[in-house]
Amino acid sequence: MEAAAISFSSPFNPCNSSLPSSRRSLILSINPKSPKDLTFASNSRNSLRLSPPLAVAEAMEQAVDASGSTPSGNPSKVDRSGRFCSPRAARELSLLIAYAACLEGSDPVRLFDRRVNAKRDPGYVFDKSSLLRYDHMSFGGAPVEAGTEEEASELMLKNEKDSANEAEVLSAPPKVVYNRFVLRLTRDILGAVVDRWNQHVLVIDKIIPQNWKDEPAGRILELCILHIAMAEITVIGTRHQIVINEAVDLAKRFCDGCAPRIINGCLRTFVKHQNTTNNNALQSLQSS
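Sequential numbering from 24 applies to the sequence shown in the numbering used here.
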């Protein structure tokens with residue numbers, strides 16, 4: 024399977040009520056264009072300004088800066104400026120940009136830069152209180168049963184409000200939503216994805232189930248999560264346990280069905296293969 028031959032098209036309908044609200048919000052926020060064959064030119068690597076991998080990994084595994092902590096000492100999802108400040112926010116933003124890039128057939132890093140540097144509409148005002156209402160841990164689950172029509176109406180109203188809030192946050196200019204740490208980390212992750220894309224396409228083709236291979240256009244989000252996680256492990260240097268847990272949470276939040284379980288299994292297979300390859304390379308060096 025050649026990396027350049029992968030073609031994505033959007034199978035999603037934002038009005039499809041069977042999709043989780045978080046997934047519909049993600050789809051609505053990126054304004055997808057006509058898809059093209061996805062290939063990243065080699066010169067895109069020249070545009071990357073990656074932070075030192077070990078420094079980035081260390082920063083991600085430490086607690087968020089004191090400015091992003093609550094009085095009780097627990098990490099907060101926003102800093103003192105009222106912007107998202109967590110690695111989880113960076114991974115969500117990386118997924119949003121990678122997904123949009125797949126639909127457009129564009130370079131994720133360049134798309135990220137365009138969005139970050141885009142001029143805001145005159146008079147645009149962002150309600151930062153929406154960030155406090157935004158829940159990074161809002162996962163899909165089994166259908167909720169309501170005992171009465173009144174209870175059902177309340178649940179539907181709450182779901183609509185949550186969906187509208189998510190759409191507002193995900194479609195807002197990045198600089199008003201995310202702090203510098205998150206934006207820098209997002210760019211590093213996307214740069215790593217671009218750098219290892221063609222290599223990881225071949226690996227992903229070997230570890231994903233056959234039904235995903237048969238319908239790649241219907242698995243863009245899932246494949247993007249795999250690319251992001253694999254790139255973060257191999258380039259950024261984040262411990263694989265953290266990356267796998269984060270990838271599974273992203274799948275729970277934005278994907279359907281068995282995706283979290285499959286992504287967990289695929290990434291564990293990938294890590295096992297990486298460890299075996301590294302051990303063989305080390306033994307070869309020692310014996311030479």
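Each residue gets a CB set at the ideal place from its N, CA and C atoms; glycine is no exception.
{"Item": "Is V101 helix, strand or coil by DSSP?", "Value": "strand"}
{"Item": "From I231 to E172, what does the alpha carbon distance come to, in whole angstroms?", "Value": "42 Å"}
{"Item": "Could you give the first and the last residue of the continuous alpha helix (DSSP H) run that contains M253?", "Value": "243–254"}
{"Item": "Could you check the C-alpha separation between K184 and R156 for me, to the nearest Å?", "Value": "10 Å"}
{"Item": "Taking DSSP as the reference, what is the three-state secondary structure of F107?", "Value": "strand"}
{"Item": "Kindly confirm or deny that the stretch 201–209 and the stretch 106–114 touch, where touching means at least three C-beta pairs closer than 8 Å.", "Value": "yes"}
{"Item": "DSSP state of Y201, grouped into three classes?", "Value": "strand"}
{"Item": "Can R219 and M253 be called in contact, C-beta distance under 8 Å?", "Value": "yes"}
{"Item": "Let me know the secondary structure DSSP gives P145 once reduced to three states.", "Value": "coil"}
{"Item": "I need the DSSP call for G280, collapsed to helix, strand or coil.", "Value": "coil"}
{"Item": "Helix or strand or just coil, what does DSSP make of T300?", "Value": "helix"}
{"Item": "Closest to N140 by C-alpha separation, out of V271, T292, P196, I248, would be which residue?", "Value": "P196"}
{"Item": "How long is the line joining the alpha carbons of V216 and K295, rounded to whole angstroms?", "Value": "20 Å"}
{"Item": "Rounded to a whole number of angstroms, what is the C-alpha to C-alpha distance between L154 and T299?", "Value": "42 Å"}
{"Item": "Between D150 and G128, what straight-line distance do the alpha-carbon atoms span, to the nearest angstrom?", "Value": "32 Å"}
{"Item": "If you run the structure through DSSP and keep just helix, strand and coil, what is T261?", "Value": "coil"}
{"Item": "Under 8 Å: do the stretch 130–144 and the stretch 277–291 share three or more Cβ pairs, one atom per stretch?", "Value": "no"}
{"Item": "For R276 versus S117, is the C-beta distance shorter than 8 Å?", "Value": "no"}
{"Item": "Taking the alpha helix (DSSP H) that A175 falls in, what are its first and last residues?", "Value": "172–193"}
{"Item": "Any idea if R103 is buried or exposed, counting beta-carbon neighbours within 10 angstroms, 16 or more meaning buried?", "Value": "exposed"}
{"Item": "Under a three-way DSSP split, which group does I231 fall into?", "Value": "coil"}
{"Item": "When you compare each of L126, A121, Y201, A169 to S109 by their alpha carbons, which one comes out closest?", "Value": "Y201"}
{"Item": "Inspect the beta-carbon positions of H250 and A169 and report whether they are closer than 8 Å.", "Value": "no"}
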